[in-house]
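Trainee:
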Amino acid sequence: MKKQKAILFDVTLCAGCGECYNACKEANHLPETADDFLKDHLSANTYTVVEEYGDVYTRKMCMHCVDPTCVSVCPVGAMEKTELGPVIYDADKCLGCRYCMQACPHHIPRYEWNKINPKVKKCIMCYERVKNGMQTTCAEACPTGATLFGDRDELIKIAQERLSSDPETYYQKIYGLEEAGGTNVLIISPVPFDQLGFAENLPKEALPTYTAKALEKIPGVVAGGGAFLAAMYWLTKRKNQIAAEEKQNKLNSISGDEK
Amino acid sequence: MKQFIPKITFWRVVATIIVVAGLYSTYLRFTGGLGASTNLSDDFPWGLWIGFDILVGVGLAAGGFTICAITHIFNIEKYKPLTRPAILTAFLGYLLVIFGLMYDLGKPYNIWHAIIYWNPRSVMFEVAWCVMLYTTVLFLEFLPIALEKFRLKKLLSFMKKTGILIMITGVILSTLHQSSLGSLFLIVPQKMYPLWYSGLLPLYFFISAVGAGLTMVIFEAYLSARAFNKGIEADLLSRIGLYSVIVLMLGLIIRLVDFFLTDKIHLLFTINNYTLLFYLEILVGTLVPFGLLIQKRIRENRRWLYASSIMVISGFLLNRLNVSITSITPATGVNYFPSINEISVTLMLVTLGMWAFKIIARNFPVFASEVHYENHQLNFDQKLSESNL
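Chains D and R, in that order, are what the protein sequence lines are. Numbering follows the working numbering, with no gaps: position 5 of the first sequence is 168. Numbering follows the working numbering, with no gaps: position 297 of the second sequence is 507.
#1: Note down the Cα distance separating R:Ile550 from R:Asn329, rounded to an integer number of angstroms.
#2: Output the residue ranges of the alpha helix (DSSP H) runs that lie fully inside the stretch 306-386 of chain R and measure 4 residues or longer, sorted by chain position.
#3: Can you find a CB in chain D that lies within less than 9 angstroms of the CB of R:Ser408?
#4: DSSP beta-bridge partners for D:Gly313?
#5: Look at R:Ile535 and R:Gly245 and say whether their C-beta atoms are less than 9 angstroms apart.
#6: Count the other CB atoms within 10 Å of the CB of R:His387; is the residue buried (16 or more) or exposed (fewer)?
#7: Using the beta-carbon of each residue, which ones in chain R are nearer than 9 angstroms to D:Met297?
#8: Within its chain, find whatever has a CB closer than 6 angstroms to the CB of R:Glu580; leave out the 5 residues flanking it on each side and keep chain order.
#9: Please name the residues in the stretch 259-278 of chain D whose beta-carbon is closer than 7 angstroms to at least one beta-carbon of chain R, in chain order.
#10: Starting from the beta carbon of D:Met395, find every residue of chain R whose beta carbon is closer than 8 angstroms, and list them in chain order.
#11: Using a threshold of 9 angstroms, state whether the C-beta atoms of R:Leu477 and R:Pro404 are closer than that.
#12: Ends of the beta strand (DSSP E) at D:Lys223?
#13: Could you name the residues of the same chain whose beta carbon sits closer than 7 angstroms to that of R:Ser389, not counting the 5 residues immediately before and after it, in chain order?
#14: In chain order, what residues of the stretch 367-396 of chain D put their CB closer than 8 angstroms to some CB of chain R?
#15: Are R:Leu556 and R:Trp259 touching if we call contact CB-CB under 9 angstroms?
#16: Using only the alpha-carbon positions, how far apart do R:Tyr234 and R:Pro216 sit?
#17: Step through the CB atoms of chain R and report whether any lies within less than 9 angstroms of the CB of D:Asn185.
#18: Is D:Gly345 closer than 9 angstroms to D:Cys233 when the C-beta atoms are compared?
#19: In three-state terms, what does DSSP make of D:Lys380?
#20: With 9 angstroms as the threshold, decide whether the Cβ of D:Asn403 is near any Cβ in chain R.
#21: Which residues bound the alpha helix (DSSP H) around R:Tyr237?
#22: What are the boundary residues of the beta strand (DSSP E) that R:Ile508 is part of?
#23: Taking a cut of 9 angstroms between CB atoms, which residues from the stretch 220-248 of chain R lie near chain D?
#24: Pick out the complete alpha helix (DSSP H) segments inside the stretch 315-360 of chain D, 4 residues or longer, and give them in chain order.
#25: Examine chain R for any beta-carbon lying closer than 9 angstroms to the beta-carbon of D:Leu365, and answer yes or no.
#26: Exposed or buried, what is R:His323 when buried is set at 16 or more other beta-carbons lying within 10 Å of its beta-carbon?
#27: Alpha carbon to alpha carbon, how far is D:Tyr334 from D:Gln323? Give it in angstroms, no decimals.
#28: Below 9 angstroms between beta carbons: does that hold for R:Val457 and R:Val420?
#29: Given a threshold of 16 other Cβ atoms within 10 Å of its Cβ, counted over all protein chains shown, does R:Ile378 qualify as buried or as exposed?
#30: For D:Glu215, list the residues DSSP reports as bridge partners.
#31: Starting from D:Ile251, follow its DSSP beta bridges and name the residues at the other end.
#32: At a CB distance below 7 angstroms, what residues from the stretch 514-548 of chain R approach chain D? Give them in sequence order.
#33: Which residue marks the beginning of the alpha helix (DSSP H) containing D:Thr232, and which one marks its end?
#34: Thinking C-beta only, is R:Ile264 closer than 9 angstroms to R:Val307?
#35: Is the stretch 377-397 of chain D close to the stretch 347-360 of chain R, with three or more CB pairs under 8 angstroms?
#36: Taking only the alpha-carbon atoms, compute the straight-line gap between D:Ala197 and R:Met521 and give it to the nearest angstrom.
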């Protein structure tokens, strides 16, 4: 297995300049959606945003989960977790059931609501670039190094070093290390993550394990249910037959008596 | 001479208005997309068309497999007169669910992709396959009714021989996807209001569908009796009514025990809109009908039986909307209410379903059938034996 690529975003380093936002728009050929990029939000035409919380800035984008909920729920496998880490989407397979949007724990996928042929839209971690050994366009554009691109295990090491070398500055947690089974976008911050609009109530295990528990019962229901129903059918049928035969015998014996 | 211009009645006028409005909403949906026709958004991607057209539609069609299991697998023959109306309801119900899905899917023309692109980890994938297969099963279960009409005896006797296999397949497929509709929500534990989230959602969905599906049989029998003057034996219906409320009560008890085991009891004493909706759901859907139908005198009264079945169905509807819409509301921070187009399409589907039921029941031996003939035989045999004794 190849090394999983990831993004580390350090809130303390972000200057709120919006270069990542602009680079993302350009790379994905997305139209302009707001006069002030700080007031924009994720949409079918915006894959990443920079948000202002008091005197700090944070980014929002697809977290590229290690075991993505969207990939597990999609009935036709239109969402795919690539070996390199990015979670990508195949619009040709998609039916538009929007279960990915309903299920995403980070509330990321967006929809082209006003199109006749709508697609699900979200950050795909510049998959084409990453496949060719390049870094994501947002990491490349970042002038302060707040957005770093690299191997996931190495970025985790960097984050851990920053947290331990400067405990005064950093809130002691790497967001994405184990949220819903972990993500390929990691965030470190000076403030608790719920203050930056990140979900803090996520379980540690990956969400697909919740449905897996129900799905793995199917073979048992089919086999056990089939055997049970067939047995019930045979038993009750036999019981009815015996009852009918007894009745017949009674009738016969009565008519026999008459003769 | 047949009359070609139908008589104008109140319900016909209402039905026509509903269908015309529904067609206009259909036009908006397929020319402007989901955004132009619904109140759905990135914050609230599933609405009335999933909550009602799919969850309620499939759930209320559960009478089909329940009655089939009773009459054809457990061989409790006396309920046989209920089989055909129940199968017809289920068949039409599933056709409407698929029809409704065409509105809700962003790319309805890709609906067949579930056949070629597989993702066995997805609950939705399992539901898609079960619904496809079960609709086929329902068609096969309905087929003898059509064959009888056209007097295709050879095919009919073949169908009878394979009948039991089809019936068992149908019951298993139904058990799987009725519960899986609940499993759909297992994956959003952090998004749902805890009164409705539970690891047992699949079980709740199955039990409540069996209970409410049975009362649908009562509801329909009453409507059909009014429409066709073909009364179904009141005794059978009142027993079905009793069984359905017992099943529902059992479901409620499991739910309350689960509340206790998962430390959610305090939520029942937290006063807010969610608690109120929860109480409304269990009162209308289970407690009141249970209190009524447990009494012999009341369940043998046609009007009370009918009223109770309407209560159960309303409570069931509320439960499915609570699970799919109400419970998601606090996590999304949006107050979703369906648009006029979502409502009009849903009303149109219900109207079309009732209309199709009426047409088919008029033209095919759904109520009057060989079953009645068999019963006549049985009565005759009994009388014979009695006279002999």
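In this text, a Cβ means the ideal position worked out from N, Cα and C, and glycines have one as well.
Mentor: On the basis of the supplied data:
#1: The count along the second sequence starts at 1 and reaches residue 550 of chain R at position 340. The count along the second sequence starts at 1 and reaches residue 329 of chain R at position 119. Distance between the alpha carbons of R:Ile550 and R:Asn329: 35 angstroms.
#2: 323-326 and 333-359
#3: The residue you call residue 408 of chain R lines up with position 198 of the second sequence. With 9 angstroms as the cut-off, R:Ser408 does not count as an interface residue toward chain D.
#4: Position 150 of the first sequence holds residue 313 of chain D. Looking at the DSSP assignment, D:Gly313 forms a beta bridge with D:Ala169.
#5: Taking the first residue of the second sequence as position 1, residue 535 of chain R is located at position 325. Taking the first residue of the second sequence as position 1, residue 245 of chain R is located at position 35. Not closer than 9 angstroms, so no.
#6: Sequence index remark: in the second sequence, residue 387 of chain R carries index 177 (1-based). Buried, since its Cβ has 16 or more Cβ neighbours within 10 Å.
#7: For this step, residue 297 of chain D is matched to residue 134 along the first sequence. Here the premise fails: no neighbours, minimum Cβ distance about 30 angstroms.
#8: Against the second sequence, residue 580 of chain R aligns to sequence position 370. With a pLDDT of only 43 at R:Glu580, under the threshold of 50, the placement of this residue in the model should not be trusted; the figure read from the coordinates follows. Once the five neighbours on either side are set aside, R:Glu580 has no close Cβ partner at all.
#9: Gly259, Cys260, Arg261, Tyr262, Met264, Gln265, Ala266, Pro268, Arg273, Tyr274, Trp276, Asn277 and Lys278
#10: Locating residue 395 of chain D in the first sequence gives position 232, where the first residue counts as 1. Within chain R, the residues near D:Met395 are Ile283 and Phe284.
#11: Position 267 of the second sequence, counted from the start, is the residue given in the question as residue 477 of chain R. Position 194 of the second sequence, counted from the start, is the residue given in the question as residue 404 of chain R. In this structure, R:Pro404 lies closer than 9 angstroms to R:Leu477 by Cβ.
#12: By 1-based counting over the first sequence, the position of residue 223 of chain D is 60. That run of the beta strand (DSSP E) goes Val219 to Lys223.
#13: Walking along the second sequence from the start, residue 389 of chain R turns up at place 179. Excluding positions up to five away in sequence, the list reads Pro412, Leu413, Phe415 and Phe416.
#14: Leu370, Pro371, Tyr373, Thr374, Ala375, Lys376, Ala377, Leu378, Ile381, Val384, Val385, Gly388, Gly389, Leu392, Ala393, Met395 and Tyr396
#15: Your numbering for residue 556 of chain R matches position 346 in the second sequence. Your numbering for residue 259 of chain R matches position 49 in the second sequence. The displayed chain sequence assigns Thr, not Leu, to residue 556 of chain R. Contact flag set, yes.
#16: For the purposes of this step, residue 234 of chain R is taken as residue 24 along the second sequence, with counting starting at 1. For the purposes of this step, residue 216 of chain R is taken as residue 6 along the second sequence, with counting starting at 1. Approximately 23 angstroms between the Cα atoms of the pair.
#17: One-based indexing of the first sequence puts residue 185 of chain D at position 22. No, no contact with chain R.
#18: As a position in the first sequence, residue 233 of chain D is number 70, starting the count at 1. As a position in the first sequence, residue 345 of chain D is number 182, starting the count at 1. Not in contact: D:Cys233 and D:Gly345 (Cβ atoms no closer than 9 angstroms).
#19: Counted from its first residue, the first sequence places residue 380 of chain D at position 217. Of the three classes helix, strand and coil, the one that applies to D:Lys380 here is coil, per DSSP.
#20: Numbered from 1 along the first sequence, position 240 holds the residue referred to as residue 403 of chain D. Closer than 9 angstroms to some Cβ of chain R, the Cβ of D:Asn403 qualifies, so yes.
#21: Reading the second sequence from its first residue, position 27 is the one you call residue 237 of chain R. R:Tyr237 -> alpha helix (DSSP H) spans Phe220 to Ser247.
#22: Numbered from its first residue, the second sequence carries residue 508 of chain R at position 298. Unbroken run through R:Ile508 is the alpha helix (DSSP H), Lys506 to Arg509; no beta strand (DSSP E).
#23: Phe240, Thr241, Gly242, Gly243, Leu244, Gly245, Ala246 and Thr248
#24: 315-328
#25: Sequence index remark: in the first sequence, residue 365 of chain D carries index 202 (1-based). Chain R contact via Cβ: present.
#26: As a working note, residue 323 of chain R is residue 113 in the second sequence. Per the 10 Å Cβ criterion, buried.
#27: Within the first sequence, numbered from 1, the residue matching residue 323 of chain D stands at position 160. Within the first sequence, numbered from 1, the residue matching residue 334 of chain D stands at position 171. When rounded, the distance between both Cα atoms is 11 angstroms.
#28: As a first step, residue 457 of chain R is located in the second sequence; it is residue number 247 there, counting from the start. As a first step, residue 420 of chain R is located in the second sequence; it is residue number 210 there, counting from the start. The answer is yes: Cβ separation under 9 angstroms.
#29: Position 168 of the second sequence, counted from the start, is the residue given in the question as residue 378 of chain R. The residue is buried, with at least 16 neighbouring Cβ atoms inside 10 Å.
#30: Translated into the one-based positions of the first sequence, residue 215 of chain D becomes position 52. Note: D:Glu215 sits in a beta bridge opposite D:Tyr220.
#31: Taking the first sequence and counting its residues from 1, one reaches residue 251 of chain D at position 88. D:Ile251 is bridged to D:Glu243.
#32: none
#33: The sequence position of residue 232 of chain D within the first sequence is 69, counting from 1. Counting along the chain, the alpha helix (DSSP H) containing D:Thr232 begins and ends at Thr232 to Val236.
#34: The count along the second sequence starts at 1 and reaches residue 307 of chain R at position 97. The count along the second sequence starts at 1 and reaches residue 264 of chain R at position 54. Result yes, Cβ atoms of R:Val307 and R:Ile264 sit closer than 9 angstroms.
#35: no
#36: Here residue 197 of chain D refers to the residue found at position 34 of the first sequence. Here residue 521 of chain R refers to the residue found at position 311 of the second sequence. If I take the Cα positions, the gap works out to 50 angstroms.
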